[in-house]
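One structure is given here, and the rest of the page talks about it.
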Amino acid sequence: MSEEKFGHWGLLLFFFCCLVAMILIHFLRRSKITYFHETGLNSLIGIIVGVFIKHCGGSEEIREFSGFKREIFMILLLPHIIFESGYNLKKRNFFKNIVSILLFAILGTLITAFFVGGFLIIFSHKTSIFNLSTIECLLFGSIISATDPVSVLAIFQQLGVDPDLYANVFGESVLNDAIAIVLVETFLKFRDHDVTAVFIFKSLGVFFGVFLGSFGIGALNAMISAFLIKHIKVRDFPIIETSILFLFAWCTYFLCEDLGLSGIAGILFCGIVQAHYSYLNLSEKSKELTKNLAHLLSFMSESFVFIYLGLAVFCFEHDFHVGIIFVAFFLCLISRFFNIAPLSWINNKIKKNHQISAKKQFVLWFSGLRGAVSFALSVDLPTPHGPVILTTTLIIVLITIFLFGGLTTIVVKKLDVQVENPPIPYMKNKGLLKLERKYIKPFLTHRKYDPAKYDPANYSPYPSNLEVPLLDSQNDKEEKIENPNEIELENSNENQNQNPNEIELENQNENQNENQNENENQNQNEIENQIENQNENQNIN
Amino acid sequence: MDESTLESLGLLLLFLLLILSILISHFFRRKRVEIIHQTGISIALGVLASFIMRYIFNVGSKFTSFFSFTEDTFMLFLLPQIIFESGYNMERRHFFSNFGSIILFAILGTTISTFLVGGFLIILSDHGVILKLTHIECLLFGSLVSATDPVCVLSIFKHLGVDVNLYSNVFGESVLNDAISIVLFETLTKFEKNTTISAKVVFQSLGMFLLSLVGSFLIGTLFGLFSALIFKHTLFHIHPMMESALFFSLAWCSYMLSAFLNLSGIAAILFCGIFMAHYTIHNIGERSQKITKEAIYLIAYLSESIVFLYLGLAVFSFNESYNLPLIGFAILACLFSRALNIYPISAIVNLWRKYNKIFQSHQFMIWFSGLRGAVAFILSIRIDTDNGKELMTTTLMVVVFTVIFLGGFTPLLVKKLKLERECPDTSHGAEHNHSTSGGQIVDDCSRPMNNPFVKLDKKYFIPFFTKKKYQEYLKSQEIEMEDLRKTKSKKDLEEEVDFKEIEQTNNLTVDSQTNFLQNIGMYLGDLDEIELENQIENQYQKEKEDQKEKEDQKENENENENEDENEDENHIGIQDQIHSHSHSYNQGYWKEVAPHFDIENVNHLEDIDITISSDMETIMENNIQNDENADDISSFDFEIEDQDN
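Residue numbers (full-length UniProt numbering), protein chains in the order written: chain Z, 1 to 541; chain U, 1 to 645.
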């Protein structure tokens, strides 16, 4: 078969798996099973198809087809996933918990990476269980430190878990992906060096340089895009607005890569900052379009990654090493404990009003699933023991997805961390924030005050278009829509869905409002009062 | 530089140029520069960038390696979306009413032009006038160069609002002939490189061509219908994101499958798009419909821009393989062969048809709009014979020439030949409406469709493939259409004559509502800003007074009506633009116009005049038909009041 054929064949296979997976996910969501999430289903379908392919002797070809190489993951799939998580970040809760999130994400990831890496080094040098080079141990540690609790988050949202907890888990997973990727890239750069203390410090220095550089470029690009959209009159052309937004994000990615920085970190910060400024300049139509499109792209990319993961189980050349798998798995669990517990303690010392209780710490520890990013990073590693690392990562990802993902509902219900009516957070208008509101924001956005947009009724603590399995009660009602005569029922359903816990058929208002909500503080914000007064005056005139 | 950094540098360059081209074309559109269109701008920017790369930074040769890998990317990641979008947004009604001519132009015309261009080149190269080419190479070139490009011309047409029949002829032809010339090309590539042309070969290739056309048609159709059934029988609308992801996956599956089976993926995804737009889209939920439509449009828009940028970038990336005589003769051959295919076929069509004939001016325009574009270029990259490089650069120059030269003169020509539409069309002239209105709204209610296919479709396929909601809605719409037809047939004669007189004298007094609108249309051409302001304000006051009286009278009735309408909307949802069209057309129109009246942005006023003039008649007709909805104008008044404050 020609090379092009491979492309068609492989993509056909992927799309086909996607189709089957989506149809099954649909039925899964309609059934009342909560201990089995769609990431699991995707990889399961991948596994089944992989078995078939292997049986028919096609595994050789699929492996060859994996022109789905590292670059494909890094250029085509991961940026979409990461950009979406930045762009649809629920910023108000995120910034409220910023201290703990940053602690968990930056320090926590480093702790995990070096803890796992260090112990692996010790094991491979002192014992004869396995034999990885030092740099490979560190690489593995940083690969495995990227958490990806998609299924846990979905269940949190469905059960209405404490928004702070949700924000912590979500924020941590978003940032730590970027950090793990930067770490891996740093180690890959230095893969020919000897590991010494100097090396560690050097690589840490490079790591922070890369991280800050990517952050700067991402933020800068996003600000340019906000400025552009503000000043050229494109409000009548949603397509152009949307294209500009996305193109700037992708530009950030490639610019960072060209400068030797991390494209993924760049695109993440670009997404966050764009949601903060550019988003406010968009017309209503493109606001929705950008959000949905980002979500669609990330949804498809994620399905692809998990299907690929499933296919990899049987179709790839593996180097099973039971010793490493055991050791690595337990190291993961322990390292996560050594990451969460001390950092929560630090957080509790610093922030008196955002305590992380023992229960929440347990949930945080529990939600350390590994997923798409870890797997993508482990594919096609250019080191001698690449296959070992791939296999180990694969197994750990699968175990955490099926075991932890399945137990989440039980854990959440047992620990009782659900909250009925979460309070609406607000940010005090002081310090840097005040400066930002006073100078940067007016410079980059059309800032108009609209009281209707700050309606607490529209507030929801969770990202709006994360798709969640239906609640049981809701499920029954939805089924009746099948009958087109009972449209009254549908209408009543839609009304009910406006509860903050049931986001299934989300209302559009919420979409438009949430970002405005973030930065506004109804009671204390002087600027807003001024604007409101101005508005009132205008009305009187 | 190693390969991956070069790649990402190239991609960075590409995206930066893309942003630049979008911004520039937006700027031109606002300044109403029509001579160069976005495709032209993309190409020009690409040429400029590659020139700078080559002669100032001296990195041109490195970038050729960057371009060499792109063919696969084109075929897998760019082309399917472009074709899918064109199939999806096809205006099916006009398309099918011109189906005969389109099919003739597409199948017969493409074949004719392939063999004409090929034959012309064969003769020339056999006599040593140009480079020595093998017969297959000539035919390959002929087939790829007969793929006309729908992107550039159509967006110009849409912008200017040309006659609907001309539009659908050009559209249908260019969309279908892409598929056909690709099939032809793929058939030809299967032959040995040195085969000489004989009758047997020609028939063989025709046979293969028909086989793969039918095969890919079947696959596309199957996937389209299969998707309709999936969405009909599951309750996917509760997961909008998954629904649209599934929608896209199905479309791409059809492409990949038929490409895998050695058929034409392009043709498959085209037909899949047509059927999905006809059945599937009505079975999916409101929200995902919106997402899907916009995503389709956006992705296609970006892909097209990228393709044209590549085109431009390629110009200076290849070394010394430009063969000037070949290029010159190729362009000549293209123009001649297109003339020799359009005129005879239109003559045949005109013999056949009793009404809806293709006029002389239309024929000329169809000939003129034979721009070559992305598809031709992509195909030319795939030639791997000895003279492949030359043929590719020749194609490149043909594309650049036609896009910049022919594309640049199209607006002028449309105005010269007076091809602006007579029959009102729904895509409001402005391009940005395309994504929501393209292909969906049918307004030409004068002639019912009595095609046997349409009847079959109505009777069996629509009930089988779509949800009950949609069927009910279709029925209600049919009844409405019939009412409109009745009222129209009475008024038709009187009113249409009136309109023509009115247009000549520029003095319209038909209805109190339309009066206002027409005046605006006139003002836009003639008056200054201040005058405009004053006159519009006067007009408002008059209108307000009139309307208040009417409102008081009709308040009770309207309330009832509104309730009905609201209910309707709940039942039916967004996909039913056709339905809400007659109800809310006026409102929608006012909303579109109203924002432009904040007097700060008088520039905007310039932007609308074309929309108004082309849609004037639509509005007037609707007004005549919907006398009951006289209150629509009041919503406009309120908006103005707000802004005045």
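Ideal Cβ placement from N, Cα and C applies to all residues, glycine included.
At a cut-off of 7 angstroms between beta-carbon atoms, Thr242/Z makes contact with chain U. Note that the segment 186-205 of chain Z does not touch the segment 241-252 of chain Z; fewer than 3 beta-carbon pairs, one per stretch, sit closer than 8 angstroms. In this structure, Glu186/U is the residue among Lys232/U, Leu235/U, Glu186/U with its C-alpha nearest to the C-alpha of Ser216/U. Nearest Cα to Pro150/U within the set Tyr55/U, Leu79/U, Trp252/U, Tyr470/U: Leu79/U. Membership of Val349/U in the alpha helix (DSSP H) is indicated by the continuous run 324-352.
Residue state for Gln418/Z is assigned as strand, using DSSP reduced to three classes. Put simply, the CB of Ile224/Z is far from chain U, with every gap to its CB atoms at 7 angstroms or more. With a cutoff of 7 angstroms on beta-carbon distance, Val388/Z and His321/Z are scored as near each other. Residue-level contact check: Ser380/U does not touch chain Z, since none of the beta carbons of chain Z fall below 7 angstroms from its beta carbon. Take the alpha-carbon of Ser133/Z and the one of Ile179/Z: they are about 22 angstroms apart. Think of a sphere of 7 angstroms around the beta carbon of Asn292/Z: the chain U residues whose beta carbon falls inside it are Ile291, in chain order.
A straight-line Cα-Cα distance of about 32 angstroms links Glu294/U and Val398/U. Taking C-beta atoms under 8 angstroms as the contact rule, Leu19/Z and Leu246/U qualify, at a distance of about 7 angstroms. Excluding the 5 residues flanking it on each side, Ile36/U has same chain C-beta neighbours closer than 7 angstroms at Phe28, Gly408, in chain order.
Taking a cut-off of 8 angstroms on C-beta distances, the segment 135-150 of chain Z touches the segment 180-191 of chain Z, as three or more cross pairs fall below it. A direct Cα-Cα distance of roughly 28 angstroms separates Ile75/Z from Leu270/U. Distances from the CA of Pro442/Z to each of Asn281/Z, Cys137/Z, Ile122/Z, Thr391/Z were compared; the closest alpha carbon is that of Asn281/Z.
By alpha-carbon distance to Gly224/U, the top candidate from Leu48/U, Gly119/U, Val162/U, Ala267/U is Ala267/U. Leu261/Z is a Cβ neighbour of Ser214/Z, given a cutoff of 7 angstroms.
One alpha carbon belongs to Thr409/Z, the other to Ile25/Z, and they sit about 18 angstroms apart. The beta-carbon distance between Thr400/Z and Leu369/Z, rounded to whole angstroms, is 4 angstroms. This is short enough to meet the 8 angstroms contact definition.
Of the candidates Lys360/Z, Phe16/Z, Gly209/Z, Arg29/Z, Arg29/Z places its Cα closest to the Cα of His239/U. Per DSSP, the unbroken alpha helix (DSSP H) holding Met397/U starts and ends at 388-401. In this structure, DSSP gives Val162/U an extended state, which the three-state scheme calls strand.
Among the residues of chain U, those whose CB is under 8 angstroms from the CB of Asp258/Z are Thr5, Ser8, Leu9, Leu12, following chain order.
Closer than 7 angstroms to the CB of Ser254/U there is not a single CB belonging to chain Z. Under the 7 angstroms criterion on CB atoms, Phe254/Z is classed as interfacial with respect to chain U.
In this structure the segment 293-307 of chain U does not lie against the segment 476-486 of chain U, because fewer than three pairs of beta carbons, one per stretch, are closer than 8 angstroms.
Of all residues in the segment 223-244 of chain U, the ones placed with a Cβ closer than 9 angstroms to any Cβ belonging to chain Z are Ile230, Thr234, Leu235, Phe236, His237, Ile238, His239, Pro240, Met241, Met242, Glu243, Ser244, in chain order. Sequence-distant Cβ neighbours of Ala328/Z in its own chain, meaning closer than 8 angstroms and more than five residues away, are Val116, Leu120, Phe140, Ile144, Thr392, Ile396.
By the Cβ rule, the segment 111-120 of chain U counts as touching the segment 333-345 of chain U, because three or more pairs are nearer than 8 angstroms. For His26/U, the closest alpha carbon among the candidates Gly323/Z, Leu390/Z, Ser243/Z, Phe130/Z is that of Ser243/Z. DSSP, read as helix, strand or coil, puts Val161/Z in strand.
Ser249/U has a beta carbon lying within less than 7 angstroms of a beta carbon in chain Z. Comparing alpha-carbon positions, the option among Phe236/U, Leu222/U, Leu235/U lying closest to Tyr255/U turns out to be Leu222/U.
Annotated three-state conformation of Arg372/U is strand, per DSSP.
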